[in-house]
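2 protein chains.
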Amino acid sequence: MEISILRLGHRLPRDERITTHVALVSRAFGATEFIYCGQHDSSLEKSVSSIVDNWGGSLSVRHEKSYSKVINEHKKNGFVVCHLTMYGLPVLKVLGSESCVSRLKTRDSKLLVIVGAEQVPSDVYQLSDFNAAVTNQPHSEVAALGIFLNEVTQHRMLEEKDFANAKIKIVPTEKGKNIEKL
Amino acid sequence: MEISILRLGHRLPRDERITTHVALVSRAFGATEFIYCGQHDSSLEKSVSSIVDNWGGSLSVRHEKSYSKVINEHKKNGFVVCHLTMYGLPVLKVLGSESCVSRLKTRDSKLLVIVGAEQVPSDVYQLSDFNAAVTNQPHSEVAALGIFLNEVTQHRMLEEKDFANAKIKIVPTEKGKNIEKL
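If you read the sequences in order, they're chains A and B. So that you can map any letter, position 173 of the first sequence is 267 in this note's numbering, and since no number is skipped, the others follow by simple counting. So that you can map any letter, position 136 of the second sequence is 230 in this note's numbering, and since no number is skipped, the others follow by simple counting.
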């Protein structure tokens with residue numbers, strides 16, 4: 095499955111760390127494209143690129159002015175669009191629904207996941223194919239994205255994985271730290 | 095299961111939002127006690143209490159100076175201590191291990207989850223019963239905690255849930271927002 099992430103409404107300095115966490119979760123759980131709207135932030139792009147450079151994988155990062163352009167272009171390219179929101183339907187119900195399963199079941203399925211900031215414009219709910227809630231409680235878009243991607247990828251990123259072109263990797267250890275240079 | 099969370103090394107203003115997200119994820123995924131070390135932060139305590147006040151549930155929040163005191167007291171009270179760290183063993187292996195399963199299988203099991211900040215003191219790895227990695231990749235303690243608690247609670251918080259004493263709740267909706275006053 096090809097996974098892209100669209101992060102809405104990035105604000106500086108308020109969202110600096112949260113958006114970085116969103117991007118790193120995207121990478122760790124198998125996304126290959128990270129797009130953000132709101133304020134342009136070259137320091138965010140640099141930190142994410144530096145993680146990719148050291149730890150491997152192929153997450154690209156870019157800023158776009160118009161979220162609706164991103165959504166519409168991805169739809170045109172065959173992406174299923176899923177917006178994570180506490181107002182949506184329970185996530186496991188959405189992922190288990192026939193309309194979702196039938197569109198995400200093949201190896202070459204494409205998925206665009208939208209992650210909001212404080213105020214999500216109302217047309218995002220309309221433009222999305224699915225509005226899914228990772229609980230209907232206020233918590234964190236970072237956790238919501240992690241749990242969602244973990245379910246979509248069927249927990250496979252929780253196993254020990256090698257990321258292509260990594261310069262360093264962790265050797266899992268019962269107590270303590272072990273980093274290996276590759 | 096009784097779940098407590100210990101957040102290490104809270105720094106102001108750097109961790110303001112991240113620690114708030116950690117606390118809200120704790121609440122949404124069934125923890126009832128949130129303890130943080132590092133700098134005291136009454137604004138963090140107020141925001142979390144205000145969420146509990148409006149959305150219900152029973153998460154308590156408090157600051158403690160010594161993490162080792164918190165860990166040792168919880169161990170004395172029968173808590174299993176699990177530290178989330180990218181250096182640890184794969185989380186599903188830890189949760190599926192006989193020593194973990196046997197200690198967490200009963201309804202009255204108690205679990206203390208430790209969530210670090212940038213630099214985790216090395217004795218935390220030793221004091222913990224388990225060091226579990228939610229992937230061995232750098233991403234986010236917020237997502238790691240969400241995924242971990244979601245696994246430990248067997249996805250049950252992903253269903254539509256009523257929180258005790260809530261003043262408001264969300265009515266899950268396919269498109270748009272619907273908040274109900276209770």
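Glycine is no exception: its CB is placed at the ideal position from the N, C-alpha and C atoms.
Q: Rank A:Gln133, A:Glu127, A:Ser120, A:Thr114 by C-alpha distance to the C-alpha of A:Leu106 and give the top, closest one.
A: A:Gln133
(Q) Quick check: the segment 213–232 of chain B against the segment 216–228 of chain A, are at least 3 beta-carbon pairs closer than 8 Å? (A) no
Q) Just the Cα atoms here: how many angstroms apart are A:Trp149 and A:Phe123? A) 13 Å
Q: Please name the residue, chosen from B:Pro266, B:Glu245, B:Gln231, that lies closest to A:Pro266 on a Cα-to-Cα basis.
A: B:Gln231
(Q) Given this structure, state the Cα-to-Cα distance separating A:His137 from A:Ser144, to the nearest angstrom. (A) Residue 137 of chain A is actually Ser in this sequence, not His. Roughly 10 Å separates the two Cα atoms.
Q: Compute the Euclidean distance between the alpha carbons of A:Lys271 and B:Leu243, then round it to the nearest angstrom.
A: 23 Å
Q: Would you mind working out which of B:Asp202, B:Val175, B:Gly151 sits nearest B:Ser193, comparing C-alpha positions?
A: B:Val175
**Q.** Alpha-carbon to alpha-carbon, A:Tyr161 and A:Ser98
**A.** 13 Å
Q: Would you please verify whether the beta carbon of B:Arg111 is less than 7 Å from any beta carbon of chain A?
A: yes
Q.
Beta-carbon within less than 6 Å of B:Ser141's beta-carbon, same chain only, minus the 5 sequence neighbours each way: which residues are those?
A. Thr114
**Q.** For A:Asp147, the nearest candidate out of A:Cys131, A:Asn259, A:Ile273 (CA to CA)
**A.** A:Asn259
Q: Tell me whether A:Met180 sits in a helix, a strand or coil according to DSSP, three-state version.
A: strand
Q | Residue from A:Gly240, A:Val195, A:Ser152 with nearest C-alpha to A:Val116 | A | A:Gly240
Q) Whose C-beta lies closer than 6 Å to the C-beta of A:Val103 among residues of the same chain, with five residues either side of it excluded? A) The question names Val, yet the displayed sequence has Gly at residue 103 of chain A. Around A:Gly103: Gly132, Ala211.
Q) Taking 7 Å as the CB-CB limit, is B:Leu186 close to chain A? A) yes
Q. Does the beta carbon of B:Thr247 sit closer than 7 Å to a beta carbon anywhere in chain A?
A. no
Q. How long is the line joining the alpha carbons of A:Asp202 and B:Asp202, rounded to whole angstroms?
A. 45 Å
Q | Boundaries (first-last residue) of the beta strand (DSSP E) holding B:Val155 | A | 154–157
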